[in-house]
Each structure stands twice: as C-alpha cells, then as structure tokens.
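Asker:
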Amino acid sequence: MIFLAIWTPRQRPGRCNDFPANLNQLSHMKTITHFLVYFLAVFFVAGMASAQDRGLMERMRERLPQVDALLTRQIVGEGNRGILVARQELTDSQKALVEAENRDRIAVYTAIARRTESTPEVVARQRALQIRERAAEGVWLQDEEGNWYRQPARR
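Taken in order, the sequence shown gives residues 1 to 155; the numbers are from our numbering.
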C-alpha cells in the first residue's frame, strides 16, 4: 500500500481567521492545487514518467482549474473511490471533463498499484482518504460507508 507524505500549509500565528468564505475557499483550493502537483511529482519520480505518463500528468494539470471550479461550486464531489462524482445534472462539457479526469485518475491509480504490488482499488481508496483530509471547505465528500457530507470549516 502506498502512503504519500504531503505538506500542506497550516494556520499561521497571527493570521486572521475571519476571511470571507470566498477567500478562505481560494486558500483551500491553492492547497488542493499544491497537493495535486505534489501527487503528480511523486507519480513522476516513482519511475513512471514515460511519454504517455507525462501526457497524462499534463492533462490533469491543465484540467485542475476547471475541476476545482466544479468542486467549489458543489456541482461534483469527491467519491470514496478517488474519483469525481456528479452531485447535480452536468452539462455535456462538464460531463466530458469529469469523465476525462476520472479516466486519468484511474490510470494513475493503476500505475501506482503496479509499482507497489497493490491493487488500483486500494490505491484509489487511500487517495480518497487523502482527499477527504485535505479538501476545501464546502466540498462534497463521500465517507467510507458511502454517505455524503460537506467539508466543514477548518479551525
């Protein structure tokens, strides 16, 4: 099983906790962005950096702002299997975006599983746990039992 050590910024002493929600969410989206970049870097360093893998990482990086927007607007949520799940009706372009993101996430999980002698399902569930621990306030998340909840505000 793979465990990734991830650095995330913590509350700084003297920092105002009364930011408007949209600025606070922006900060959390930056944290998610940093997390994804780190996740992709680990994927790259793990020796899976073929031309195809580099293309996959680039596609995920390019889609990140659009995926973040869907999460922030609560149109999709992060499922307990490490993939995006629609929380409301999607437009055709949103559906294509979610399908492409999920296809690439599954490819990453499969590659990591091969390298770690695990299964894609185990890798995906571990990734879902990491996502739940670091998700931005208000993002829809699915727990291990399949129940949906919105990420509460961080203290």
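Even glycine gets a Cβ: it sits at the ideal position worked out from N, Cα and C.
Within its chain, find whatever has a CB closer than 8 Å to the CB of Leu-97; leave out the 5 residues flanking it on each side and keep chain order.
Answerer: Around Leu-97: Arg-63, Gln-66, Val-67, Leu-70.
Asker: Could you compute how far the alpha carbon of Glu-99 sits from the alpha carbon of Glu-89?
Answerer: Spanning the two alpha carbons is a distance of roughly 14 Å.
Asker: Counting only the same chain and skipping the five closest in sequence on each side, list residues whose C-beta sits under 6 Å from that of Thr-110.
Answerer: Hits under 6 Å: Pro-120.
Asker: What does DSSP give as the partner residues of Ala-136 in its beta bridges?
Answerer: None, per the DSSP bridge assignment.
Asker: Helix, strand or coil for Arg-150, going by three-state DSSP, please let me know.
Answerer: Arg-150 falls in the strand class under three-state DSSP.
Asker: Am I right that Arg-81 and Ala-124 are in contact with their C-beta atoms under 8 Å? What's the rounded C-beta distance?
Answerer: The Cβ separation is near 5 Å, so the contact holds.
Asker: Do Asn-102 and Ile-83 come within 8 Å of each other at the CB atom, strictly closer than that value?
Answerer: Cβ distance < 8 Å, so Ile-83 and Asn-102 count as in contact.
Asker: Among the residues of its own chain, which have a CB less than 7 Å from the CB of Glu-144, if the five just before and after it don't count?
Answerer: Answer for Glu-144: Asn-80, listed in chain order.
Asker: So what's Leu-90 in DSSP terms, helix, strand or just coil?
Answerer: Three-state DSSP puts Leu-90 in coil, outside helix and strand.
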